[in-house]
Amino acid sequence: MVRRSVVLAVALAYGPGLNAQNVTRMDAVNGVPEIDRTTQAQDVRFKDARGDRMTVAVRLGGTGPYQFLVDTGADRSAVSSAIASRLSLSPAAPAELHSSTGVTTVSTAHVPSVEFTRPAQKLIEAAVLESGNMGADGIVGADLLRSQRVQFDFEKKTMTIVPAAAPDFHDEPGTIVVEARRKNGRLILTDAVANGQTVTVVLDTGSEICVGNEAMRRRLLGRNLVDAREKVQLQSVTGEMISGDYMFVRKLQIGGIALENLAVVFVDAHTFKQLKLDKTPSLLLGMNAFRAFKKVSIDFANRQFRVVIPEHSALETRLAMAGAGQP
481 MVRRSVVLAV ALAYGPGLNA QNVTRMDAVN GVPEIDRTTQ AQDVRFKDAR GDRMTVAVRL
541 GGTGPYQFLV DTGADRSAVS SAIASRLSLS PAAPAELHSS TGVTTVSTAH VPSVEFTRPA
601 QKLIEAAVLE SGNMGADGIV GADLLRSQRV QFDFEKKTMT IVPAAAPDFH DEPGTIVVEA
661 RRKNGRLILT DAVANGQTVT VVLDTGSEIC VGNEAMRRRL LGRNLVDARE KVQLQSVTGE
721 MISGDYMFVR KLQIGGIALE NLAVVFVDAH TFKQLKLDKT PSLLLGMNAF RAFKKVSIDF
781 ANRQFRVVIP EHSALETRLA MAGAGQP
């Protein structure tokens with residue numbers, strides 16, 4: 481594959497006073513390492529004023545469909561307490577929830593089956609959370625995606641989950657592929673540089689905005705890191721709050737892609753410590769970055785991040801719309 485560099489500007493218009501809500505990140509079940517009875521979670525889903533969350537239809541034990549958020553940063557899936565009660569799901573052992581503000585204990589439930597592709601997949605346990613905090617009826621996490629591929633088509637405004645063996649857009653003009661590795665169920669990109677400094681990137685479709693750790697912020701100070709425009713609040717699933725600085729990174733390069741003027745919230749979140757990335761400059765790549773592309777594919781089975789670069793005219797339109805505060 482010929483390596484090339486493509487530069488996209490992805491600054492989006494976020495106004496003051498935006499509230500961040502939560503998504504869970506839980507330690508892996510089948511197919512990825514387990515850590516005792518502890519589930520791992522982090523809650524940095526940044527809900528913008530538009531509230532245009534992308535969900536997929538999911539059937540649980542033959543009932544539904546329900547609208548689930550697809551979160552590639554969550555190691556285990558979750559279901560709302562309302563649905564767990566309605567379906568009389570049997571409780572499983574409580575588990576520790578790692579959020580941006582710390583650790584708490586949450587309930588889990590046995591779910592007989594989950595269907596968003598055929599055949600249905602078995603899910604033994606899921607976290608039980610409040611739908612208001614998730615912004616959906618539940619969350620499809622990496623435990624259900626290990627043999628799947630998540631695809632976004634931002635021109636058609638669609639998101640789909642397909643088996644990794646299904647045909648995709650790899651032959652489409654403007655396609656760039658970046659190889660990834662897996663850590664605790666998540667896909668990690670190490671071929672990344674922010675303002676000339678090496679960073680570790682975690683693909684996180686559950687976050688509406690990119691989130692950087694303090695190690696990354698310190699490394700970038702004095703290297704075209706735009707001063708904080710405002711403080712924002714991130715709220716955990718337990719209701720606790722943590723403050724972060726809403727800033728812009730001049731350039732983030734991932735493989736042959738370069739994203740310019742990338743909006744990032746920098747916060748000393750517990751998540752980075754949980755992932756053992758608190759000492760390493762790291763970034764959760766959120767939906768504001770993904771939306772800069774025409775199409776995005778996150779392939780868990782083949783450990784690949786694939787994007788289609790928009791045509792020049794389409795890119796100019798996106799920039800104009802971003803400046804006007806449109807999606």
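Residues 481 to 807 (our numbering) make up the sequence shown, in order. Heads up, the beta-carbon is just placed ideally off N, CA and C, and yes, glycines get one too. Computed from a predicted structure; not experimentally measured.
Does the Cβ of ASN768 have 16 or more other Cβ atoms within 10 Å, making it buried, or fewer, making it exposed? The residue given as residue 768 occupies position 288 in the sequence shown. So ASN768 counts as buried.
Under a three-way DSSP split, which group does GLY582 fall into? Residue 582 sits at position 102 when you count from the first residue of the sequence shown. GLY582: strand per DSSP, three-state reduction.
Can you give me the C-alpha to C-alpha distance between ILE789 and ASP651, rounded to a whole angstrom? Counting from one through the sequence shown, the residue named residue 789 turns up at place 309. Counting from one through the sequence shown, the residue named residue 651 turns up at place 171. The straight-line gap from Cα to Cα measures roughly 13 Å.
So, with DSSP's three-state summary, where would you put PHE596? Indexing the sequence shown from 1 puts residue 596 at position 116. Note: PHE596 maps to coil in three-state DSSP.
Hey, PHE746 and ASP779 are a contact pair by Cβ (cut 8 Å); roughly how many whole angstroms apart? In the sequence shown, counting from the first residue as 1, residue 746 sits at position 266. In the sequence shown, counting from the first residue as 1, residue 779 sits at position 299. Between ASP779 and PHE746 the Cβ distance is about 29 Å, and since that is not below 8 Å, they are no contact.
Please state the DSSP three-state secondary structure of HIS590. In the sequence shown, residue 590 corresponds to position 110, counting from 1. Note: HIS590 maps to strand in three-state DSSP.
Suppose you measure from the CA of ALA573 to the CA of ASN741; what does that come to, to the nearest Å? For the purposes of this step, residue 573 is identified with residue 93 of the sequence shown, where counting begins at 1. For the purposes of this step, residue 741 is identified with residue 261 of the sequence shown, where counting begins at 1. The alpha-carbon atoms of ALA573 and ASN741 are separated by roughly 44 Å.
By how many angstroms is the C-alpha of MET614 removed from the C-alpha of GLY531? As a position in the sequence shown, residue 531 is number 51, starting the count at 1. As a position in the sequence shown, residue 614 is number 134, starting the count at 1. Below a pLDDT of 50, predicted positions are generally treated as unreliable, and GLY531, at 47, falls in that range; the measurement from the model is reported next regardless. So the alpha carbons of these two residues sit roughly 12 Å apart.
For GLN677, does the count of other Cβ atoms within 10 angstroms reach 16, so buried, or fall short, so exposed? Stepping through the sequence shown from its first residue, residue 677 is reached at position 197. Burial call: exposed.
Write down the C-beta distance between VAL814 and ALA606 rounded to the nearest angstrom, noting that I regard them as a contact closer than 8 Å. The chain is shown only over 481 to 807; residue 814 falls outside these bounds and no answer can be derived.
Can you give the Cα-Cα distance for THR680 and ASP671, rounded to whole angstroms? Locating residue 680 in the sequence shown gives position 200, counting from the first residue. Locating residue 671 in the sequence shown gives position 191, counting from the first residue. THR680 and ASP671: Cα-Cα distance of roughly 8 Å.
Taking DSSP as the reference, what is the three-state secondary structure of ILE789? Residue mapping note: residue 789 aligns to position 309 of the sequence shown, counting from 1. The answer is coil: DSSP assigns ILE789 none of H, G, I, E or B.
Tell me which same chain residues have a C-beta within less than 7 Å of the C-beta of PHE752, skipping the five on either side of it? Counting from 1 along the sequence shown, the entry for residue 752 is found at position 272. Cβ within range, chain order: ASN693, ASP758, SER762.
Output the distance between the C-alpha atoms of PRO643 and PRO592, rounded to the nearest integer angstrom. Taking the sequence shown and counting its residues from 1, the one referred to as residue 643 is at position 163. Taking the sequence shown and counting its residues from 1, the one referred to as residue 592 is at position 112. Each residue's Cα considered, the two are about 21 Å apart.
Could you tell me if SER568 is buried or exposed, where buried requires 16 or more neighbouring beta carbons within 10 angstroms of its beta carbon? What you label residue 568 is simply residue 88 of the sequence shown in a count that begins at 1. Its Cβ having fewer than 16 others within 10 Å, SER568 is exposed.
Going by other Cβ atoms of all chains shown within 10 Å of its Cβ, with 16 needed for buried, is THR588 buried or exposed? For the purposes of this step, residue 588 is taken as residue 108 along the sequence shown, with counting starting at 1. Flag for THR588 reads buried.
Return the CA-CA distance between ASP748 and ASN664, expressed in angstroms with no decimal places. Along the sequence shown, read from residue 1 onward, the residue named residue 748 stands at position 268. Along the sequence shown, read from residue 1 onward, the residue named residue 664 stands at position 184. The alpha-carbon of ASP748 is positioned some 20 Å away from that of ASN664.
For LEU765, three-class secondary structure by DSSP: Locating residue 765 in the sequence shown gives position 285, where the first residue counts as 1. Looking at LEU765 - three-state DSSP - the assignment turns out to be strand.
Starting from the C-beta of GLY582, find all residues in its chain whose C-beta is less than 6 Å away, skip the five residues before and the five after it, and write them out in chain order. Taking the sequence shown and counting its residues from 1, one reaches residue 582 at position 102. For GLY582, where only same-chain residues beyond five positions count, the Cβ hits under 6 Å are HIS750.
So, ALA811 versus LEU701, is the Cβ gap smaller than 7 Å? Beyond the ends of the chain as shown, which are 481 and 807, falls residue 811; an answer cannot be given.
Short of 6 Å in beta carbon distance, which residues of its chain neighbour LEU667, apart from the five on each side in sequence? Order them along the chain. Your numbering for residue 667 matches position 187 in the sequence shown. Cβ neighbours of LEU667 beyond the five flanking positions: ALA660, LEU683.
Identify the continuous beta strand (DSSP E) that holds LYS636 and give its terminal residues. Indexing the sequence shown from 1 puts residue 636 at position 156. Counting along the chain, LYS636 falls outside any beta strand (DSSP E), and DSSP gives it neither H nor E.
Residue burial classification, GLU688 (beta-carbon count within 10 angstroms, cutoff 16): What you label residue 688 is simply residue 208 of the sequence shown in a count that begins at 1. It counts as buried.
Cutoff 6 Å; reference GLN631; Cβ partners in own chain excluding five residues on either side: By 1-based counting over the sequence shown, the position of residue 631 is 151. Once the five neighbours on either side are set aside, the close Cβ partners of GLN631 are THR640, SER777.
Can you tell me whether ARG483 is buried or exposed, with buried defined as 16 or more other CB within 10 angstroms of its CB? Along the sequence shown, one-based indexing puts residue 483 at 3. Low per-residue confidence applies at ARG483: pLDDT is 38, beneath 50, and the placement is therefore not dependable, though the value from the model is reported in the following sentence. The residue is exposed, with fewer than 16 neighbouring Cβ atoms inside 10 Å.
Go ahead and pull the three-state DSSP assignment for PHE728. Numbered from its first residue, the sequence shown carries residue 728 at position 248. Note: PHE728 maps to strand in three-state DSSP.
Supposed contact pair GLU595 and VAL538 - C-beta distance, whole angstroms, cut 8 Å: For this step, residue 538 is matched to residue 58 along the sequence shown. For this step, residue 595 is matched to residue 115 along the sequence shown. Going by Cβ atoms, the distance from VAL538 to GLU595 rounds to 7 Å, so yes, they are a contact pair.
Note the first and the last residue of the continuous alpha helix (DSSP H) segment covering ALA564. Looking up residue 564 in the sequence shown gives position 84. Start and end: 561–566.
As assigned by DSSP and simplified to three states, the class of ARG556: In the sequence shown, counting from the first residue as 1, residue 556 sits at position 76. Coil, per DSSP.
Is the closest heavy atom of the ligand PLP to the C-beta of GLY621 under 6 Å? For the structure depicted, the ligand PLP is absent and the ligand set is empty, with no information on it obtainable.
Apart from the five residues on each side of it in sequence, which residues of its chain come closer than 6 Å, Cβ to Cβ, to ARG703? In the sequence shown, counting from the first residue as 1, residue 703 sits at position 223. Contacts found: ASN675.
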